[in-house]
Amino acid sequence: MIVDFLSASASDVLGQVHSAAQIIGQSSLMGFVEAVPGFSSLTIHYDPLQADWPTMRQRVADIVAKAPSPKLPKGKAIEVPVCYDAEFASDMELVSRHCGLSTDAVIARHSQAKYIVQLIGFAPGFCYLAGLPSELATPRLANPRLRVPVGSIGIGQNQTGIYPIEIPGGWNLIGRTPLRMFRPDRHPPTTVAPGDLVTIKRISKDEFDAWREPA
Amino acid sequence: MARTCVNELLVVRAGLCASVQDLGRWHFQRFGVAVGGAMDQESHRIANMLVGNDADAATIEIAWFGSAFSFAEPALISITGADLQPAVNGVRVPMDRPIWIDANRTVQFQHVKNGCYGYLAVAGGFNTPQSLESRSTHVRSGLGGLNGRPLQNSDNVPIGAPTSLGRAISAVLKKNRSVSPAHSTDTKLPNAGPEHWRAANWFVDPGFVFEAVAGNAIQVVRGRHFRLLDASSQRRFWESEFTISQTSDRMGYRLDGPELHFVETVELLSAGVARGTIQLPPGGNPIALMADAASTGGYPNIAHIASVDFARLAQAQPGESIRFREIELAVAQRLIAERFHRFRQLTRAVAFRVASDVAS
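Chains H and W are the protein sequences, given in the same order.
Take 3 as the starting number for the first sequence in the working numbering and just add one per residue.
Take 492 as the starting number for the second sequence in the working numbering and just add one per residue.
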């Protein structure tokens with residue numbers, strides 16, 4: 003079941019989605035399996051043997067209607083170390099050409115912006131960050147890479163994000179973080195959650211190599 | 492959590508792709524983690540049922556060909572799903588029934604005769620470490636199985652403790668009374684090899700689960716973006732044959748056929764998807780999302796495969812043609828409820844049969 007949320011502003015929609023996800027998750031709804039937030043929708047997986055579609059739709063509608071005023075969860079602030087060395091920035095030239103900015107200008111704008119985690123999806127721990135300065139928006143690669151290295155920072159249209167594991171991907175790579183974004187041995191397994199406020203700490207290649215994961 | 496390991500499976504030959512699977516990694520999709528799990532969960536369930544396991548015990552899914560295994564200790568096993576012509580030390584063994592196999596005999600799988608995915612269950616289940624509450628191997632995220640990868644030659648896969656039902660089935664087969672192939676009235680079963688293995692003289696008929704659908708069509712429920720297709724694309728979806736592409740895998744089956752198009756470009760924000768969602772990328776060839784599909788996707792959803800027919804689609808080989816037939820959501824939900832009712836009946840029938848064999 004997919005619940006669509008319509009609202010004037012993107013951050014209101016996201017607030018609606020996440021507050022609904024939280025309320026439904028805590029509601030001990032018969033047949034409920036899990037709720038998966040999208041950018042403007044909430045997908046609810048349920049067991050049709052315990053609750054059929056008309057029943058489930060009615061119950062979810064009742065719960066969502068009673069939800070208090072939607073707000074994005076008050077996120078934690080997190081500083082992500084990013085190295086923009088050429089070695090990690092395979093698509094920097096492409097981005098800088100597309101945006102008509104020097105490499106230094108791209109790095110300065112990207113690293114000084116404040117981001118908010120909108121969504122975790124696509125791959126384990128992959129976070130979509132809103133807040134990319136509009137002058138850095140760059141279309142996705144025509145031919146996605148078969149392997150994007152762990153920790154790569156990419157730009158896809160008007161979003162930026164961090165690849166938590168080695169997977170295929172079509173975003174323009176401009177840097178890399180040594181911070182692990184997905185750890186299946188922890189709960190929650192992701193380092194960031196929707197609503198978290200992300201800032202970037204620019205680091206050198208030496209600092210990247212010397213990075214030790216905080217305990 | 493350390494659990495006693497009572498037996499071990501040795502991977503003699505990994506084959507094309509053999510992996511540990513269960514019913515999937517639920518409750519972590521909001522972290523971007525795919526559900527995964529056995530492609531054909533019905534065959535996985537039957538395999539577990541035959542050795543007295545719970546439905547979510549891990550089995551080994553064998554894709555296409557070439558795998559061979561042996562057990563360190565005698566074991567109670569079952570083989571279901573695609574017919575990979577299983578044999579023990581060169582002698583064919585029957586599928587869809589419990590088999591007691593002696594230590595250090597080799598279970599070999601050859602080329603698939605029909606279907607794609609075979610399942611090997613062992614009493615006690617394959618007891619690899621859980622990651623995010625599941626043993627399912629999801630190769631792309633490196634989760635589950637042994638170190639998040641398919642099995643390799645010389646791997647040792649731990650096996651858990653059998654249930655009391657599993658022990659009872661073993662005991663009956665070891666008694667060699669009325670249950671070894673040599674005593675079976677089924678003349679198709681080989682008489683040779685009771686020193687290596689003994690199979691029950693009863694079996695679960697997979698036809699009981701996979702009832703035929705008229706014209707072999709895959710039943711689907713209309714998706715939310717179907718109405719945005721142009722009229723001739725809507726017609727073509729129901730009337731045409733689609734061929735499963737060679738580039739299909741555990742993530743998705745690409746469907747070659749007439750191209751389908753929307754009246755106008757549909758721009759969507761990523762939203763949740765599930766196994767069975769049929770997406771339509773801009774190229775016009777639909778993709779049926781399979782077990783390893785991501786938790787979210789950004790392409791329009793034109794249809795959803797009814798859960799009762801998912802396993803049938805999973806077992807369709809690349810190059811095979813399929814058709815779709817529309818059913819209402821309420822019908823799809825009634826069909827899956829009936830399917831699970833059959834599974835409960837089968838589980839009771841297995842327990843009853845074993846109890847009467849023990850008593851006789």
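Think of the CB as a built atom: it goes at the ideal place given N, C-alpha and C, for glycine as much as any other residue.
Kindly indicate the opening and closing residues of the beta strand (DSSP E) around residue i.
i: phenylalanine 34 of chain H; result: 34 to 39
i: isoleucine 778 of chain W; result: 778 to 780
i: serine 30 of chain H; result: From DSSP, serine 30 of chain H is part of no beta strand (DSSP E); its letter is neither H nor E.
i: tryptophan 591 of chain W; result: 590 to 592
i: asparagine 692 of chain W; result: Taken as a continuous stretch (DSSP letters only), asparagine 692 of chain W belongs to no beta strand (DSSP E), as it is neither H nor E.
i: isoleucine 80 of chain H; result: 79 to 85
i: arginine 713 of chain W; result: 709 to 713
i: asparagine 605 of chain W; result: 605 to 613
i: leucine 8 of chain H; result: Neither: leucine 8 of chain H is in no beta strand (DSSP E) and is coded neither H nor E.
i: glutamate 624 of chain W; result: Segment: none, glutamate 624 of chain W is in no beta strand (DSSP E) and carries neither H nor E.
i: aspartate 574 of chain W; result: 566 to 574
Using a Cβ-Cβ cut-off of 8 Å, state whether residue i counts as contacting chain W.
i: aspartate 198 of chain H; result: no
i: glutamate 215 of chain H; result: no
i: alanine 132 of chain H; result: no
i: isoleucine 118 of chain H; result: no
i: isoleucine 169 of chain H; result: yes
i: valine 35 of chain H; result: yes
i: serine 154 of chain H; result: no
i: aspartate 54 of chain H; result: yes
i: serine 206 of chain H; result: no
i: phenylalanine 124 of chain H; result: yes
i: leucine 51 of chain H; result: yes
i: serine 9 of chain H; result: no
Counting only the same chain and skipping the five closest in sequence on each side, list residues whose C-beta sits under 7 Å from that of residue i.
i: threonine 192 of chain H; result: Ile122, Gly127, Met183 and Phe184
i: arginine 727 of chain W; result: Pro749 and Leu751
i: arginine 718 of chain W; result: none
i: alanine 762 of chain W; result: Thr787
i: proline 772 of chain W; result: Ile778 and Tyr790
i: alanine 91 of chain H; result: Leu175, Ile176 and Gly177
Which stretch, first to last residue, makes up the alpha helix (DSSP H) that contains residue i?
i: valine 66 of chain H; result: 55 to 68
i: isoleucine 827 of chain W; result: 820 to 850
i: histidine 535 of chain W; result: 532 to 541
i: proline 115 of chain H; result: Per the sequence presented here, residue 115 of chain H reads as alanine, with proline not at that position. Here alanine 115 of chain H belongs to no alpha helix (DSSP H), and DSSP marks it neither H nor E.
i: serine 661 of chain W; result: 655 to 666
Just to confirm my understanding: we take residue i, look at its own chain, exclude 5 residues before and 5 after, and list those with CB closer than 8 Å. What are they?
i: arginine 596 of chain W; result: Ser561, Phe562, Val579, Asn580, His687 and Trp688
i: leucine 51 of chain H; result: Gly33
i: proline 641 of chain W; result: Ala505, Cys508, Ala509, Ser510, Thr628 and Val630
Between residue i and chain H, is there a C-beta pair that is closer than 8 Å?
i: serine 786 of chain W; result: yes
i: histidine 795 of chain W; result: no
i: alanine 493 of chain W; result: Note that alanine 493 of chain W scores 45 on pLDDT, short of 50, meaning its location in the model is unreliable and no value can be drawn from it.
i: phenylalanine 834 of chain W; result: no
i: tryptophan 517 of chain W; result: yes
i: serine 761 of chain W; result: yes
i: serine 736 of chain W; result: no
i: arginine 713 of chain W; result: no
What is the DSSP secondary structure of residue i, counted as helix, strand or coil?
i: glycine 17 of chain H; result: helix
i: aspartate 208 of chain H; result: helix
i: glycine 102 of chain H; result: coil
i: glutamate 686 of chain W; result: coil
i: isoleucine 769 of chain W; result: strand
i: arginine 803 of chain W; result: helix
i: proline 641 of chain W; result: coil
i: asparagine 853 of chain W; result: Nothing about residue 853 of chain W can be reported from this structure: the residues present for chain W run from 492 to 851 only.
i: phenylalanine 90 of chain H; result: helix
i: serine 632 of chain W; result: helix
i: alanine 549 of chain W; result: coil
i: glutamine 599 of chain W; result: strand
i: glutamine 512 of chain W; result: strand
i: phenylalanine 522 of chain W; result: helix
i: leucine 500 of chain W; result: strand
i: isoleucine 109 of chain H; result: helix
i: serine 798 of chain W; result: helix
i: glutamate 817 of chain W; result: strand
Measuring only from the beta carbon, is residue i closer than 7 Å to any heavy atom that is part of the ligand ADP?
i: lysine 68 of chain H; result: This structure lacks the ligand ADP; in fact it carries no ligand of any kind.
Whose C-beta lies closer than 6 Å to the C-beta of residue i among residues of the same chain, with five residues either side of it excluded?
i: aspartate 848 of chain W; result: Val663
i: isoleucine 4 of chain H; result: Ser43 and Thr45
i: glycine 633 of chain W; result: Gly639
i: tryptophan 555 of chain W; result: Leu507 and Val603
i: proline 565 of chain W; result: Asp593 and Ala594
i: serine 622 of chain W; result: Leu634 and Gly635
i: glutamate 811 of chain W; result: Ile735
Return the chain-ordered ranges of every beta strand (DSSP E) run that is complete within the region 717 to 765 of chain W and spans a minimum of 3 residues.
Counting whole runs of 3 or more residues, the region 717 to 765 of chain W contains the beta strand (DSSP E) stretches 733 to 735 and 743 to 747.
Can you list, in chain order, the stretches of the beta strand (DSSP E) that have 3 or more residues and sit fully within the region 118 to 164 of chain H?
For the region 118 to 164 of chain H, the continuous beta strand (DSSP E) assignments of 3+ residues that do not extend past its boundaries occur at 129 to 132, 147 to 150, 154 to 158 and 161 to 164, in sequence order.
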